[in-house]
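Same order as they appear, the protein sequences are chains A and B.
Straight run, no breaks: the first sequence in the numbering used here ends on number 314.
Straight run, no breaks: the second sequence in the numbering used here ends on number 734.
Glycine residues also receive a C-beta, built at the ideal position from the N, C-alpha and C atoms.
First the structure, in the form of structure tokens, and then the observations on it.
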Amino acid sequence: MQAGAPRKHRFSWDTFSAVATLIPTLLVLGVFVYGFIGWSVYVSLTNWNSLIPSNTFVGLQNYLDILQTYRFQSDLRNIVVFTVFFIVGCLVVGLFLALLLDQKIRAEGFFRSLFIFPMAISFVSTGVVWAWILNPNTGVNLILKSFGMKHLPEWFLSTVIIPNFGLGQIDVGIPLALLAVVIAAVWQMSGFAMAVYLSGLRGISDEIKEAARIDGAGAWRLFFAITLPQLRGTTTTIIIILTAASLKIFGLIYAMTGSGQEFVTDMPSMNMFQTTFQGNEFAQGAAIAIILLLLLASFIIPYLVSTLRRGDEA
Amino acid sequence: MKRSRIIAAGAAALIALTATVPALAATAPKGELQIFSWWTGVSSSKALQSLINIYEHEYHAKVINEAVAGGAGSNAKAVLASRMEAGNPPGTFQVHGGNGSLLSWVQANDMVPLNSLYKQEGWYKVFPKSLLNLITFKGKIYGVPVDMQRGNVLWYNPQIFHKYHLTAPKTFAEFFHDAAILKKHGITPLALANHGNWEATLLYCDVLLGTVGPEKYEDLMTGKMSWNTPGVKSAAATFTKMMSYTNSDFSALHWSQADQMVAQGKAAMNVMGDWAQGYFTTDLHLKPGSGFGWAPTPQTKGSFAAVTDVFGLPAKLKDNTPTLNFLKVLGSEKGQDTFNPLKGTFSPRLDANPAKYDAYSRQAMQSYKKDKLVLIIGQGGANPGFTNAFSNAMEIFVTNHNIPNFVSAIQSAAQSNPLS
């Protein structure tokens, strides 16, 4: 603003249209996202645990009840194990595919579509198909058997947990059954990681690589000293998006394994759905939802803060 | 400037739209009846349509079929709960008879009693007292039963039983005797599917019913007797022993796959509700008797585990007449004898026409008329919170077989959720 110019607030169609354009979004977000989050928090603090609505305040009782159950403790173990394996799997497979595609091969577009295609399929279809493939009595075990393998894997029916030490009510470790679910999930989502990595790879300037090559760096050195560090931002983006997808996972589990014997493949979202809509325990269901939200927020908020900061610096 | 004005106008229009849309949605125009159910399968939707046709023809009225698919009704229940909470109930909705969701809706003051309709239609005489007891709370009756299914049936492969000179087991001792012989010959004695986790709960209920008998079973289910009783433990022990005669991949299978194992001769027996008979006859084209055999589950002869779909009158409706008219069709002999043969169930009316039903249903009808009716956990028979806790306990018990943990989990579930 120029000094000395009249500081008069003039009605401007530009300002009005900007505000008016934002209002629907703000309204919809405000009511349907933040309003409902607030409502869920409120419900989770009441004892509304039947079809009769109740607003008796019980503090954190629902949270304490939920956290003490075998099922929810299993859920927390499962979601951590699943998320770690799922993301590492997607990153490794996705980066590998992206590196292959980045070799200036023929029909790159075809292969790119081929690898990214599973992402277009719904988790429910993926779940049904992989349940057939990994059912110990059908599918892939028949092939393994014909190769003379003796101890066939039980896949998602296994109740084995490794390393298995008792904590709270449950055995803590990696439930082998979850690895079968991880396979299906990685199959579906690694194409997404590939696509993002590919754009990241294309963003690395050839000049840096050229300079490194002139300095005598071999292929491995080039990969670990130039390519990987340059992909750090890309990797963070993939991790954040896949974490969000992973913590909310429902359809795949619902269709493929269900909760599993001894809850080896149960997830907080499954528990929330059944507690709320089959048990009619709305307050406890809301408590699960809020814990899930806090888990998600603990990943997303640091990421948002760091991107905002980077935006300020630029 | 012109463009931004258009944008502004568009935005304002959008605000107006988003504000009115929720108000417009899902309120039926006057006179139209919304019928809410989870009947989306081929035969059940055909059966429902036949009822709708009768109603539309007799009352010259329109019906909006609001069936919600998926999850054996769990999705429909979620949608229904949100509509009821919003004070916008459908004209009538499907619910299982018993102390499950139906009782919960009644306790939440969301249902209107139908005693006068029963009197007017003479239904007190047509439906057996034992059935009406399951849908009557504090002397008031809250639903019209449209079909009847049985939850305590042992299905078996007659060829296998004939080959090894076995008969359908009447007691648990006979069951284990048969099972040992079948196992020796490499046949899975008892097929089990438990992908949904209600299937093992059904099996346990049938074992419990056979162990303690119908009177004590009913006392347990209505909270009159503590779940600490020895019968609960010994039923759990019998259940555990049965598990050693089942296929190991049960948690990967859906219920019909267990019946498929029986039909194909891979397994000899399966415990399932009589919706299995529709699968045997319609999907596998087997003849009742020669293709598949049936008997009450061990030690439950004289008891009939009733799974019945009922429809009621929700409170907060603007106009009760369409719903009441539809309920009249639903409870009539004509309506029931049209609906049930199409759905593969039978009519709970005492004057239902046996000629309209197949061999299995005719026999089930006879048992129904003289047996003691009991309820099943997981089929709308018990408090939903208790049912959920029970099914959580079962998910663990089904493989770890820890009886004390299982029993104490059910006991605390029964304490924190009133059963009647």
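Would residue i pass as a contact of residue j if the rule is Cβ separation under 8 Å?
| i | j | result |
| --- | --- | --- |
| threonine 637(B) | leucine 644(B) | no |
| arginine 77(A) | asparagine 271(A) | no |
| proline 698(B) | serine 418(B) | yes |
| aspartate 520(B) | threonine 611(B) | yes |
| leucine 506(B) | alanine 620(B) | no |
| phenylalanine 123(A) | glycine 251(A) | yes |
| alanine 566(B) | alanine 185(A) | no |
| glycine 292(B) | valine 526(B) | Residue 292(B) is absent from the structure shown; chain B starts at 315 and stops at 734. |
| threonine 83(A) | serine 190(A) | no |
| asparagine 466(B) | alanine 696(B) | no |
| glycine 436(B) | isoleucine 449(B) | no |
| valine 393(B) | glycine 626(B) | no |
| proline 662(B) | threonine 614(B) | no |
On the DSSP bridge assignment, give the partners of residue i in chain order.
| i | result |
| --- | --- |
| tyrosine 470(B) | Met583(B), Gly607(B) |
| alanine 620(B) | Arg464(B) |
| leucine 297(B) | This structure leaves residue 297(B) out entirely; chain B is present only between 315 and 734. |
| serine 351(B) | Ala381(B) |
| leucine 317(A) | As shown, chain A starts at 1 and ends at 314. That puts residue 317(A) outside it, with no answer to give. |
| aspartate 563(B) | Bridge partners of aspartate 563(B): none, in fact. |
| alanine 505(B) | Asn584(B) |
Less than 7 Å separating the Cβ of residue i from some heavy atom of the ligand MG?
| i | result |
| --- | --- |
| alanine 289(A) | No copy of the ligand MG occurs in the structure displayed, which carries no ligand at all. |
Would residue i pass as an interface residue toward chain B - the criterion being a Cβ-Cβ separation below 8 Å?
| i | result |
| --- | --- |
| glycine 279(A) | yes |
| leucine 377(A) | For residue 377(A) there is no data in the structure shown, the boundaries of chain A being 1 and 314. |
| glycine 285(A) | no |
| threonine 46(A) | no |
| threonine 159(A) | yes |
| alanine 289(A) | no |
| proline 175(A) | no |
| proline 136(A) | yes |
| glutamine 2(A) | Confidence at glutamine 2(A) is low in this model, with a pLDDT of 49, below 50, so the placement of that residue is unreliable and no value is reported for it. |
| serine 50(A) | yes |
| glutamine 103(A) | no |
| threonine 307(A) | no |
| threonine 83(A) | no |
| threonine 275(A) | yes |
With 8 Å as the threshold, decide whether the Cβ of residue i is near any Cβ in chain A.
| i | result |
| --- | --- |
| glycine 694(B) | no |
| glutamate 709(B) | yes |
| serine 358(B) | no |
| glycine 699(B) | yes |
| threonine 560(B) | no |
| valine 712(B) | yes |
| alanine 493(B) | no |
| methionine 315(B) | Here the model assigns methionine 315(B) a pLDDT of 40, short of 50, so the residue's position is not dependable, and the following value carries that caveat. Closer than 8 Å: yes. |
| aspartate 533(B) | no |
| threonine 406(B) | no |
| asparagine 702(B) | yes |
| asparagine 706(B) | yes |
| serine 418(B) | yes |
| alanine 383(B) | no |
| lysine 498(B) | no |
| lysine 686(B) | no |
| serine 281(B) | The structure shown does not extend to residue 281(B), since chain B is modelled only from 315 to 734, so the question has no answer here. |
| alanine 566(B) | yes |
| alanine 673(B) | no |
**Study point:** Stretch pair the stretch 379-398 of chain B + the stretch 344-361 of chain B: three plus CB contacts closer than 8 Å
**Key:** Touching, yes, given that three or more Cβ pairs across the two stretches are closer than 8 Å.
Check your understanding: Which of the residues in the stretch 421-442 of chain B, read from start to end, lie with their CB under 9 Å from any CB of chain A?
Key -> Gln421, Ala422, Asn423, Asp424
Exercise for review: Count the C-beta pairs between the stretch 669-681 of chain B and the stretch 503-518 of chain B that are closer than 8 Å, then say yes if the count reaches three, no if not.
Suggested key: At 8 Å Cβ cutoff, the stretches do not touch.
**Study point:** Validate contact between the stretch 83-99 of chain A and the stretch 204-214 of chain A using beta carbons, cut 8 Å, 3 pairs
**Key:** no
**Study point:** Residues within the stretch 253-271 of chain A neighbouring chain B, beta-carbon criterion of under 7 Å
**Key:** Per Cβ criterion, the list reads Gly258, Ser259, Gly260, Gln261, Glu262, Phe263.
Exercise for review: Take every Cβ of the stretch 720-733 of chain B, pair it with every Cβ of the stretch 438-448 of chain B, and state whether three or more of those distances are shorter than 8 Å.
Suggested key: Two segments are said to touch when three or more pairs of C-beta atoms, one from each, lie closer than 8 Å; by this definition the stretch 720-733 of chain B does not touch the stretch 438-448 of chain B.
Check your understanding: Looking at C-beta atoms only, is the number of pairs between the stretch 123-138 of chain A and the stretch 148-156 of chain A that lie closer than 8 Å three or more?
Key -> With a cut-off of 8 Å, the stretch 148-156 of chain A and the stretch 123-138 of chain A count as touching, because enough Cβ pairs lie within range.
Check your understanding: Got a sec: which bits of the stretch 503-530 of chain B sit with their beta carbon under 9 Å from any beta carbon on chain A, in order along the chain?
Key -> Asn508, His509, Gly510, Asn511
Review point. Is there contact between the stretch 528-544 of chain B and the stretch 476-495 of chain B, where contact requires at least three CB pairs shorter than 8 Å?
Key: no
Review point. So, do the stretch 409-426 of chain B and the stretch 580-590 of chain B have three or more beta carbon pairs nearer to each other than 8 Å?
Key: No, they do not touch.
Review point. Of the residues that make up the stretch 170-203 of chain A, which ones have a beta carbon closer than 8 Å to any beta carbon in chain B?
Key: none
Check your understanding: What residues from the stretch 52-72 of chain A come within 8 Å of chain B, judged by C-beta to C-beta, listed N to C?
Key -> Ile52, Pro53, Thr69, Tyr70, Arg71
Point to revise | Contact residues within the stretch 110-136 of chain A, judged by C-beta distance below 8 Å to chain B | key: Answer in chain order: Ala131, Asn135, Pro136.
Review point. Along the stretch 535-564 of chain B, what residues have a CB closer than 9 Å to any CB found in chain A?
Key: Asn561, Ser562, Asp563, Phe564
Check your understanding: Taking Cβ-Cβ distances below 8 Å as the criterion, which residues of the stretch 222-238 of chain A are in contact with chain B?
Key -> Here the close residues number zero.
Exercise for review: Check distances from the C-beta atoms of the stretch 575-599 of chain B to those of chain A and list, in chain order, the residues that come in under 9 Å.
Suggested key: none
Point to revise | Sufficient close CB pairs (3 or more, under 8 Å) joining the stretch 34-42 of chain A to the stretch 283-290 of chain A | key: Verdict: yes, contact present.
Review point. When the Cβ atoms of the stretch 39-54 of chain A are set against those of the stretch 275-286 of chain A, are three or more pairs found closer than 8 Å?
Key: Here the stretch 39-54 of chain A lies against the stretch 275-286 of chain A, with 3 or more beta-carbon pairs under 8 Å apart.
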